[in-house]
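Visitor:
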Amino acid sequence: MSLKSSQMPNYQRRKVTDAIMRGLVLFATACAIVPLVLIVGYVVVVGGSALNWEFFTDVYQPPMTVTTMDMIGAAPTGDAPFDPNDPFANLDPEALIGAEAGDEKGANILEAPARGGVFHAIVGTLLVTSLAVLIAMPIGILAGVFLSEFPDNSVAIVVRFACDVLSGAPSIIVGVTAYILVVNATNPNTGQPYGFSGIAGAIALTFLMVPTITRTTEEVLKLVPEATREAALAMGATTWYSTFTVVIPTALSGIVTGVMLAFARGAGETAPLILTVLGSNVLVTGLLQPIAALPLVTYRYTESPFPSENTLAWGSAFVLMMLVLLVNILVRIATRNRLRTH
Amino acid sequence: MTITSLSTGATVEIRNLKPYYGKRLAVRSVNMTIAPNKITAIIGPSGCGKSTVLRCINRMHETILGARVEGQVLLNGENIYASDVDPMLVRRKIGMVFQQPIALRTRSIFENVAIGLRLAGINNKRVLEERVEASLRAAVLWDEVKDKLNQAGTALSGGQQQRLSIARTIAVEPEVILFDEPCSALDPISMLKIEELLLDLRKQYTIVIVTHNMQQAARISDNTAVFMVDTDDGAPTGVLVEYNPTAKIFAQPDDPRTEDYISGQVG
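For the record, the sequence lines run as chains A and B. According to our numbering, the first sequence is numbered sequentially starting from 2. According to our numbering, the second sequence is numbered sequentially starting from 983.
Put into structure tokens, the structure is as follows:
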């Protein structure tokens, strides 16, 4: 047996095959990462440049404001009398830029500077998504515990299948479901439909979050060694005690990951929110009314003809990304293991 | 220590015990009387059902899906398989230490021991501190961990974690402690420490130990039960071939199969 590579049969072929396969794997990895980098990079660059203090503290401001003065007539069309039936007759669109006194008039409306912010949408997203997490977390975690600790019964098999189907369901269908069940349902007190509301949105998001939380919880609980459960049982613990004081704490970081995934998914969903919370341009904190949300701002103002509103859309996309990241970091800090291991 | 004076070993009688996995009989009818304050070793080749029999003694066998037991196990004359007996209470009287040390990462060393006491409804801080210290001393771990009680259980070495598991078992004051191959995941030095500890614990507890290591059985046990695999009727079934004082087992066993096993010709 010689150590000289040249004397080994197939050596060259095996070496080339190894290089090719390695190249293919690297190429595929690069292909997978490129879109991610492009999306995140573009949002950070374009959205990041839209940010200023006002963006976080102010609510939506239209790119132009029509005042009574504009309508009644210091307009170049002449001193025509104000007609209540056609209030915009005297309006000169060219003169509408700038809401604040002292703003330059007469500039091109499509060059209006970005104004206002998305404070209302940050509040709305936090309210609706948090409420959805609050509803979905106990349901999802307890269902996950059930699936992992009592895995082999007909109920568990059905629930597991339903979760897998639901987690793959298009979110617009979930939105339609919530629309019919909540928004369109008749309020027995008034005889009218309940209408669009933050709560309806939270319920729609709950539908999307529960399967994620359930399945993640189940998977991480299954990773807890059987020996740990046995040790708890051998001390005379009930299944309940063993699960809640031994198994769940051991798997806590995994469960938190599941909840965070669900939060991120819920915060970014747009389709169900269009059909349930509708959106709003003012600050609303009541969950019984239509309410703003960051993805709705992005959706609505990406389509806007005004560049200033497009900027708002980019900025809100960026804020949404940062919000999910921030919540993620905060929760991780809050639930980390504080015990020293060395 | 208050804790050690409270508990004494109990007698365990195994009568016509037949553990099943589903429909399959795992071990043929076992009859043996485990003497109090002695170390009883269970040895035998892989698959002979020695761990199964051990797990029947504190009703851990039935926690496996489809597993069940026929026959009786008497703890001080009381049948632990009687219909009105709660297995949870049996397991507090008959503790168990496993092959893999169980140290909880998310709990401090102190809490790793206190968890059993909390389970028993003891939450008074002073009582907890006293009994955790007593248990850690009894498990000969106190001097090594007294300055780092607030670190994670996994901060300890494998041998220390196994003694931590023993301390946790002792803390709830059982009468019998079952050891399921407690040293097979440990290095030889940790193993010797555990063996010394077992000899020490024998004064207060009845000890049953399953081991793969015949020298270990010879070194520390008073009585030894030898199980073998029997394939006479098709399926491999465990069978108790001999139960005698350890000195006799290793010097002049009654059963030729024991002799073959001890001399390394089987298993």
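Think of the CB as a built atom: it goes at the ideal place given N, C-alpha and C, for glycine as much as any other residue. Every value quoted in this text rests on a predicted model; they were computed, and no experiment measured them.
Just verifying my parser: in three-state terms, what is the DSSP assignment at Y61 of chain A?
Guide: Strand at Y61 of chain A.
Visitor: For the ligand FMN, is there any heavy atom lying closer than 7 Å to the beta carbon of T191 of chain A?
Guide: The model depicted lacks the ligand FMN and carries no ligand whatsoever.
Visitor: S1166 of chain B by DSSP, collapsed to three states: which one?
Guide: Three-state result, S1166 of chain B: coil.
Visitor: Go ahead and pull the three-state DSSP assignment for F151 of chain A.
Guide: DSSP places F151 of chain A in coil when its eight states are reduced to three.
Visitor: How is the alpha helix (DSSP H) around A1233 of chain B delimited, first residue to last?
Guide: Segment T1228 to A1233, the alpha helix (DSSP H) holding A1233 of chain B.
Visitor: Can you confirm whether R1006 of chain B, when its beta carbon is compared against all beta carbons of chain A, has any partner nearer than 8 Å?
Guide: Chain A contact via Cβ: absent.
Visitor: Between the Cα of L964 of chain B and those of B:P1018, B:A1023 and B:A1017, spot the shortest distance and give me the residue it belongs to.
Guide: Lying outside 983 to 1249, the shown extent of chain B, residue 964 of chain B is not represented and no answer is given.
Visitor: Could you name the residues of the same chain whose beta carbon sits closer than 6 Å to that of A203 of chain A, not counting the 5 residues immediately before and after it, in chain order?
Guide: The residues are V129, L132 and A133.
Visitor: Quick check on G1141 of chain B - is its C-beta less than 8 Å from some C-beta in chain A?
Guide: No, because no Cβ of chain A sits closer than 8 Å to the Cβ of G1141 of chain B.
Visitor: Excluding the five sequence neighbours on either side, which residues of its own chain have a C-beta within less than 8 Å of the C-beta of A100 of chain A, listed in chain order?
Guide: Annotation note: pLDDT 46 at A100 of chain A (below 50); position unreliable, no value reported.
Visitor: Thinking C-beta only, is A205 of chain A closer than 8 Å to A179 of chain A?
Guide: Contact: yes.
Visitor: Using the C-alpha atoms, what's the distance from L262 of chain A back to Y302 of chain A?
Guide: Their backbone Cα atoms lie some 26 Å apart in a straight line.
Visitor: Roughly how many angstroms lie between the CA atoms of S1011 of chain B and T213 of chain A, to the nearest whole one?
Guide: Going from the Cα of S1011 of chain B to the Cα of T213 of chain A covers about 49 Å.
Visitor: For chain A, find out if any of its Cβ atoms is closer than 8 Å to the Cβ of S1219 of chain B; answer yes or no.
Guide: The sequence as given places Thr at residue 1219 of chain B; Ser does not occur at that position. Not one chain A Cβ lies under 8 Å of T1219 of chain B.
Visitor: For the putative contact between T258 of chain A and L297 of chain A, defined by C-beta atoms under 8 Å, what is the C-beta separation to the nearest angstrom?
Guide: Between L297 of chain A and T258 of chain A the Cβ distance is about 27 Å, and since that is not below 8 Å, they are no contact.
Visitor: Give the DSSP-derived three-state secondary structure of L262 of chain A in the structure shown.
Guide: Helix.
Visitor: Scan the stretch 1173-1193 of chain B for residues whose Cβ lies nearer than 9 Å to a Cβ of chain A and list them as they occur along the chain.
Guide: Answer in chain order: no residues at all.
Visitor: How is the beta strand (DSSP E) around P308 of chain A delimited, first residue to last?
Guide: Looking at the DSSP string, P308 of chain A is not in any beta strand (DSSP E); the run it does join, the alpha helix (DSSP H), is P308 to T336.
Visitor: Which same chain residues, not among the five before or five after I173 of chain A, have their C-beta less than 8 Å away from its C-beta?
Guide: A272, P273 and L276.
Visitor: Roughly how many angstroms lie between the CA atoms of F147 of chain A and A233 of chain A, to the nearest whole one?
Guide: When rounded, the distance between both Cα atoms is 18 Å.
Visitor: Mind checking which residues open and close the alpha helix (DSSP H) that includes I1202 of chain B?
Guide: It spans M1196 to I1202 - the alpha helix (DSSP H) in which I1202 of chain B sits, taken as one unbroken run.
Visitor: Answer yes or no: does any C-beta atom of chain E fall closer than 8 Å to that of S1245 of chain B?
Guide: Within the model displayed, chain E is absent; protein chains A and B are what it includes.
Visitor: Tell me the rounded alpha-carbon separation between R997 of chain B and E1052 of chain B.
Guide: Going from the Cα of R997 of chain B to the Cα of E1052 of chain B covers about 9 Å.
Visitor: Go ahead and pull the three-state DSSP assignment for A1049 of chain B.
Guide: DSSP places A1049 of chain B in strand when its eight states are reduced to three.
Visitor: Quick check on G1077 of chain B - is its C-beta less than 8 Å from some C-beta in chain A?
Guide: Yes, because at least one Cβ of chain A sits closer than 8 Å to the Cβ of G1077 of chain B.
Visitor: Please report how far the alpha carbon of T986 of chain B lies from the alpha carbon of P139 of chain A, in whole angstroms.
Guide: The pLDDT assigned to T986 of chain B is 43, lower than 50, so where the model puts this residue is not dependable; a value taken from the coordinates is nonetheless given after this. When rounded, the distance between both Cα atoms is 43 Å.
Visitor: DSSP three-state call for L1123 of chain B: helix, strand or coil?
Guide: Reduced to three states, the DSSP call for L1123 of chain B is coil.
Visitor: Kindly indicate the opening and closing residues of the alpha helix (DSSP H) around L209 of chain A.
Guide: Taken as a continuous stretch (DSSP letters only), the alpha helix (DSSP H) holding L209 of chain A covers G199 to L224.
Visitor: By the criterion of Cβ-Cβ separation under 9 Å, what are the contact partners of A238 of chain A in chain B?
Guide: The contacting residues are M1070, R1073, I1097, G1098 and L1101.
Visitor: Does the separation of the CB atoms of V1095 of chain B and S1117 of chain B fall below 8 Å?
Guide: Result yes, Cβ atoms of V1095 of chain B and S1117 of chain B sit closer than 8 Å.
Visitor: Where K1230 of chain B and N1013 of chain B are concerned, what is the direct C-alpha to C-alpha distance, given to the nearest angstrom?
Guide: Each residue's alpha carbon lies about 19 Å from the other.
Visitor: Quick one: does I338 of chain A have its CB under 8 Å from some CB of chain B?
Guide: One detail in the question is off: residue 338 of chain A reads as Asn in this sequence, not Ile. It does: the Cβ of N338 of chain A has a partner Cβ on chain B nearer than 8 Å.
Visitor: Would you mind reading off the limits of the beta strand (DSSP E) that contains V184 of chain A?
Guide: From DSSP, V184 of chain A is part of no beta strand (DSSP E); its letter is neither H nor E.
Visitor: I40 of chain A and V320 of chain A: beta carbons closer than 8 Å?
Guide: No, the Cβ-Cβ distance between I40 of chain A and V320 of chain A is not below 8 Å.
Visitor: For G199 of chain A versus V247 of chain A, is the C-beta distance shorter than 8 Å?
Guide: Cβ atoms of G199 of chain A and V247 of chain A: not closer than 8 Å.
Visitor: Quick one: what's T1015 of chain B bridged to in DSSP?
Guide: Looking at the DSSP assignment, T1015 of chain B forms a beta bridge with B:E995.
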